[in-house]
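Step one of this worksheet: look at the structure below.
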Amino acid sequence: MISRRELVDDQHRRSFAKAVSWRLVGTFITSLLVLVFTGQWMLSFGIGALDFVTKIFVFYAHERLWLVVPWGIKK
């Protein structure tokens, strides 16, 4: 089990790496869906790129905020 101390010490680069890896998966799915529904490669790429850039920073901030939330952590 991960202790509260280990969570608080989670490094920024780890949170950022997790954000990048998750966004790669999410962006691939989003781009694929846009391509399937529109058949337009450029639109799919553009939406995928915008999705990747914006959501990676939102996920990173979300991940860092959860480090200060004590809810659900056993002492």
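With the numbering used here applied, the sequence shown corresponds to residues -10 to 64, in that order. Note that the Cβ used here is the ideal one computed from N, Cα and C, for glycine as well. All figures in this text were calculated on a predicted structure; none of them were measured in a lab.
Counting only the Cα atoms, lysine 64 lies some 34 Å from leucine 13.
Bounds of any alpha helix (DSSP H) do not take in isoleucine 62, whose DSSP letter is neither H nor E. Take the alpha-carbon of glycine 35 and the one of isoleucine 45: they are about 16 Å apart.
Annotation: glycine 28 is outside any alpha helix (DSSP H) and is labelled neither H nor E by DSSP. About 11 Å separates the beta carbon of serine 20 from that of threonine 27, a gap too long to meet the 8 Å contact definition. Of the candidates Asp40, Lys7, Val9, Asp40 places its Cα closest to the Cα of valine 23.
For alanine 8, the number of other beta carbons within 10 angstroms of its own is at least 16, and it is reported as buried.
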